[in-house]
Structure formats: structure tokens, C-alpha cells
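Novice: This structure is in C-alpha cells; I'll ask about it shortly.
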Ligand code: NAD
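Numbering (our numbering), first residue to last: 29 to 527.
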């Protein structure tokens with residue numbers, strides 16, 4: 029059985045706690061590796077080393093730091109196949125999906141190549157008599173990231189790239205479900221020229237997360253994961269005086285207007301609802317057709333498409349649509365919610381409960397499910413299921429449909445499918461949700477924009493990646509300077525003579 033490590037001081041380091049978590053092969057249900065769970069003392073020691081190394085990294089000119097990112101782009105592309113395989117092996121997603129995961133992280137590293145430009149400050153000449161004023165963005169020191177299982181390369185890269193580019197040392201606590209790809213990325217950073225101790229990967233569970241929250245050296249924390257943990261980390265991190273941003277769960281609605289291209293809408297729902305087994309924070313989990321006729325047409329188009337979905341292990345080839353869930357517990361929870369939907373009166377149009385795959389009977393596969401006539405009070409509507417389960421809520425008007433999305437506690441992403449510009453514009457302006465798609469089901473902003481949800485999907489006031497990340501990982505210092513050479517004897521200013 030493979031025993032994974034931490035990554036400290038530019039090398040893989042065995043854990044000393046004696047505590048481990050199981051890393052499963054989700055396709056077979058077998059434990060394939062053990063990951064060490066760090067103690068507070070291990071975490072603190074990694075932070076101390078990072079703090080000692082950070083000033084020299086902060087003093088390295090930004091163009092040199094950007095060159096590490098440039099080299100990282102080359103190395104990630106070189107190792108794309110290996111990274112995707114390691115990711116699929118522990119997460120279960122298909123290889124094309126795993127490559128997409130790495131790719132969307134890579135795009136943020138590409139954005140970070142612009143660090144010298146992104147960190148430029150502001151300057152006011154002659155702010156007062158002989159006085160110039162300028163601001164600069166300085167690194168925070170040691171910062172930390174705590175990341176979820178579902179994008180084990182993308183989200184760590186979203187955090188590592190900007191944090192490191194800004195001159196910080198970075199402590200990453202990846203998900204204990206699929207940590208291998210982060211260890212590989214850390215090795216690539218070393219190969220790319222990042223000095224030792226500037227990036228530490230400390231594996232762990234609640235104990236190491238609490239150690240991050242309480243460590244006095246750590247200045248800022250970026251978290252991505254479920255909402256209850258996001259709320260906990262935000263509260264405790266802020267109480268300890270840290271800068272904290274937390275991104276939580278989601279329940280993304282896609283409104284389908286009667287004038288929408290129904291084939292396009294159905295295709296979009298298949299990709300956005302069932303892709304990656306529904307384990308995406310930007311997955312569409314609620315379809316809201318407007319009017320019963322629209323609902324009937326949509327469901328009629330969805331059913332044959334769902335029945336064609338190919339579910340299997342990533343090793344079965346690139347035509348597999350989605351793989352298993354990440355753990356047996358995730359599968360049990362999803363099927364429990366499906367049963368609750370039936371008990372609470374929803375209509376199960378496509379029932380995937382009996383799904384089984386020959387040769388992989390103990391894997392964490394869940395067949396695709398489609399619910400119709402879901403209502404607001406049902407648990408399948410209120411909770412994030414994070415599985416291939418799409419709920420249809422029939423709305424009788426556009427106002428009712430937008431109201432549903434607005435009233436839901438989550439506010440990560442949403443979409444509207446329509447041919448009407450007025451409706452689309454109204455939707456984009458009024459909706460209280462962070463990322464909006466118009467005839468685009470998964471509106472994930474590109475690296476040079478920012479990513480973040482509203483309501484219970486986001487805590488803190490800056491988004492991930494794009495210009496916000498460079499604000500989050502730096503603080504502004506403003507200097508007001510007056511030089512004696514600007515003064516004539518007697519206090520008259522030399523430049524006045526030039527007027
Ligand atoms: P999770 O909340 O279980 O775990 C996230 C991180 O928190 C992990 O590193 C984990 O080790 C740690 N953690 C777990 N329990 C903890 C506890 N009790 N105390 C302290 N730390 C703890 O989330 P997950 O299951 O890994 O990821 C799926 C969730 O992440 C979904 O809710 C999904 O919507 C969300 N997500 C959100 C975004 C976004 O940008 N909004 C992106 C991806 C995933």
C-alpha cells in the first residue's frame with residue numbers, strides 16, 4: 029500500500045503523527061494509499077520554515093518570480109498526461125475531465141506571468157508642495173490555502189499561483205481524498221525554480237486545519253469547500269485576525285424559457301448536470317422550465333439523452349461520460365437524498381438507484397437520476413446533492429423562476445436559456461448570484477476575470493483569481509514623500525519658478 033507524504037523544504041517528507049486517512053480507488057472501492065494527517069506541531073514547523081524563507085522570495089524582483097510561473101506552464105504541459113492520470117486515479121473523473129481540471133488551473137498560472145504589471149502601484153506627482161505620493165502592493169508573508177476534493181489540481185493552482193507570484197510563502201492543505209496531484213505540482217514548482225520552503229504541502233484533516241486557523245504567523249487563508257466548513261473557517265480565521273476568503277457549496281438553477289432552443293438546453297443540462305458525476309460547484313442541479321409545456325418538452329428531450337450516458341471508470345476510455353463518486357459515504361448520502369425525494373413526493377423520471385457495473389460492483393458509481401415536479405420544501409431542492417441527480421422545478425412564469433433562484437440560500441452560479449435579449453438582460457441584472465450564464469450552462473469566468481459566489485456560496489469580499497487574487501494576497505502601502513531639494517531657501521518651492 030502506497031504511503032503518501034507531505035512536501036516540505038522542497039522535498040517529500042514522511043508524516044510523523046502516526047495518523048493516516050484512506051485514499052480510495054473510487055472505481056473499485058479499494059483503499060489504494062494512505063495519506064498522513066499532520067499534527068499541529070508538524071504544521072507549525074512547516075510554517076516556521078516558510079516564514080524564514082519568505083523575505084528573500086518577497087525581495088526577488090517580480091519578473092523573476094513571474095519566470096517561475098512561465099517555467100511552470102511549460103512543466104505542467106509537459107506532464108499533463110501524468111497529472112491527469114494521478115488525478116483520475118484518486119478522484120475518479122474521466123481523463124478528459126481531469127485534463128480540464130489541470131488546464132483551468134494552468135490558465136491562472138499563465139495569468140500570473142503578468143505579475144510585474146499586476147503589482148504595479150500608483151503614483152501622484154506633486155500631491156502637495158514638493159510632495160509626491162505613491163502606493164505599492166507588498167506581500168503578506170506566510171499565507172495558506174485549504175482546498176476541496178472535487179478540483180484537486182485547479183483550485184490549489186488558483187491559490188498557489190497568485191499567492192506565490194505576490195511574494196508570499198504558501199502552505200497548502202489539500203483534500204485528504206485526492207492529495208497526490210498536489211504533491212506532484214509542488215515538485216514541479218521546485219523544478220521550475222521556486223526556492224525551497226516557499227511552498228509547503230501539509231496533508232491533514234481538521235487538526236491541521238485548526239492549526240492553520242490558530243497559527244499566528246499565517247496572515248491570510250483562502251478556503252474552498254462545503255458551506256458549513258466555509259462558515260466555520262471564516263469565523264475562526266477572522267476572529268484570529270486573519271484575512272479570510274471562503275467559497276462554499278452551491279445549488280445552481282438553469283431557467284429554460286419557452287422560446288429557448290430546446291435541443292441546446294437539453295444538451296447543456298446533460299453536460300452541466302451529469303458531467304463529473306455532478307461533483308462540480310458550478311454543476312446545474314436544478315432545471316427550471318417556465319410553463320408546463322416547456323417542462324414537458326424539456327423532460328421529453330432529456331430522458332433519451334440521459335439513457336445514453338456512459339458511466340464507467342476513467343480507464344474505460346474517453347467516451348465515458350462520468351465516473352464514480354469520490355467515496356462510499358458520498359454515494360450513500362446521494363442515494364439517501366434520492367429516496368427522500370421520492371418520499372417527499374417528487375416524480376423520479378429516470379431512476380439510477382440500481383445501477384451496477386460489471387467488474388466494479390464495489391465502486392462508488394451512481395447511475396443518472398432525473399426528478400420532475402420537485403418543490404421548494406423538499407430536501408433534494410434545499411440541499412446540495414453533489415451527485416448525478418438533476419431536479420426539475422416547474423415554474424409558471426419568468427418571475428416565479430427568477431424568484432426561486434433568488435430565494436435559494438446558495439448563490440454560486442446560474443443560467444438562463446432564452447432567445448429574448450430583454451429577458452436575458454433583466455435576468456443578468458437582477459439576479460443575486462455571483463456567476464451568470466446566458467445560453468451558457470456553466471459560466472466559469474476565465475483566469476483574467478474573477479470567480480466567486482454570493483450568499484452562502486461565498487464569505488469575504490474578494491473573489492478568486494484574476495485581479496482580485498492579487499489584491500487578496502497583498503496589502504497596500506502608501507508613501508508620502510517630500511525631499512529637501514524640492515525647496516528653495518526660505519521655504520519657497522523650486523518648481524514654482526518653472527510655472
Ligand atoms: P469539505 O468542506 O468537506 O472539505 C474542504 C476542505 O476542508 C478539505 O481540505 C477538508 O480536509 C477540510 N475539512 C473538512 N471537514 C473539516 C472540518 N470539520 N474542519 C476543518 N476542516 C475540514 O468539501 P469537499 O467535500 O472536499 O468539497 C466539495 C464542496 O466544495 C462542495 O460543497 C462544493 O460545492 C464546494 N466547492 C465550492 C467551490 C466554489 O468555488 N464555491 C469550488 C469547488 C468546490
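Glycine included, every Cβ here is placed at the ideal spot set by N, Cα and C.
(1) Taking the alpha carbon of residue 225 as the reference point, which residue from 485, 309, 80 has its own alpha carbon closest?
(2) Taking 7 Å as the cut-off, is the C-beta of residue 63 nearer than that to any heavy atom in ligand 1?
(3) Taking only the alpha-carbon atoms, compute the straight-line gap between residue 211 and residue 198 and give it to the nearest angstrom.
(4) For the pair the stretch 31–49 and the stretch 219–236, tell me if three or more CB-CB distances fall below 8 Å.
(5) Using the Cβ count rule (16 or more neighbours within 10 Å means buried), how would you classify residue 273?
(6) For ligand 1, is there a heavy atom less than 7 Å away from the beta-carbon of residue 501?
(7) Going by the DSSP bridge assignment, what does residue 283 pair with across the sheet?
(8) Do the stretch 427–442 and the stretch 309–322 meet, that is, are 3 or more Cβ pairs less than 8 Å apart?
(9) Provide the residue(s) that pair with residue 172 in DSSP beta bridges, ordered along the chain.
(10) Excluding the five sequence neighbours on either side, which residues of its own chain have a C-beta within less than 7 Å of the C-beta of residue 23, listed in chain order?
(11) What residue range does the beta strand (DSSP E) around residue 164 cover?
(12) Could you pull the DSSP bridge partners for residue 486 from this structure?
(13) With DSSP as the reference, identify every bridge partner of residue 40, one or two as the case may be.
(14) With DSSP as the reference, label residue 450 as helix, strand or coil.
(15) Measuring only the C-alpha atoms, how far is residue 323 from residue 127?
(16) Kindly examine ligand 1 and report whether one of its heavy atoms sits closer than 7 Å to the Cβ of residue 338.
(17) Applying the 10 Å Cβ sphere with the 16-neighbour rule, what's the burial state of residue 396?
(18) Nearer than 7 Å: is that true of the beta carbon of residue 485 relative to any heavy atom of ligand 1?
(19) When you compare only the Cα positions, how much space is there between residue 240 and residue 247?
(20) Count the other CB atoms within 10 Å of the CB of residue 383; is the residue buried (16 or more) or exposed (fewer)?
(21) Strictly by DSSP, which residues pair up with residue 465?
(22) One question on the structure: do residue 416 and residue 306 come within less than 8 Å of each other, judged by their Cβ atoms?
(23) Could you tell me the distance, in whole angstroms, from the CA atom of residue 116 to the CA atom of residue 393?
(24) Out of curiosity, what's the CA-to-CA distance linking residue 485 and residue 124?
(25) Applying the criterion that 16 or more other CB atoms from any shown protein chain within 10 Å of the CB defines a buried residue, is residue 157 buried or exposed?
(26) Once you ignore the five residues that flank residue 44 on each side, which residues in its own chain have a CB closer than 7 Å to its CB?
(27) Assign residue 405 to buried or exposed, taking buried as 16 or more other Cβ atoms, counted over all protein chains shown, within 10 Å of its Cβ.
(28) Closest to residue 132 by CA distance: which of 217, 341, 340, 189 is it?
(29) Shorter than 7 Å, the distance from the beta carbon of residue 252 to the closest heavy atom of ligand 1, or not?
(30) Classify residue 106 as buried or exposed, calling it buried when 16 or more other Cβ atoms lie within 10 Å of its own Cβ.
(31) When DSSP labels each residue in this structure, what does residue 476 get in the three-state scheme?
(32) Using beta-carbon positions only, say whether residue 175 and residue 200 come within less than 8 Å of one another.
(33) Entirely within the stretch 382–439 and at least 3 residues each: give me those beta strand (DSSP E) ranges in chain order.
(34) Work out the CA separation of residue 440 and residue 310 for me, nearest whole Å.
(35) Are the beta-carbon atoms of residue 65 and residue 231 separated by less than 8 Å?
(36) What runs of the alpha helix (DSSP H), each 4 residues or longer, lie entirely inside the stretch 82–121?
Specialist: Quick answer:
(1) 80
(2) no
(3) 14 Å
(4) yes
(5) buried
(6) no
(7) 316, 444
(8) yes
(9) 199, 249
(10) Shown here, the chain extends from 29 to 527; a query on residue 23 therefore has no answer.
(11) 159–167
(12) 275
(13) 35
(14) helix
(15) 34 Å
(16) no
(17) buried
(18) yes
(19) 10 Å
(20) exposed
(21) 443
(22) yes
(23) 14 Å
(24) 27 Å
(25) exposed
(26) 70
(27) exposed
(28) 189
(29) yes
(30) exposed
(31) coil
(32) yes
(33) 397–400, 417–420
(34) 7 Å
(35) yes
(36) 90–106, 108–119
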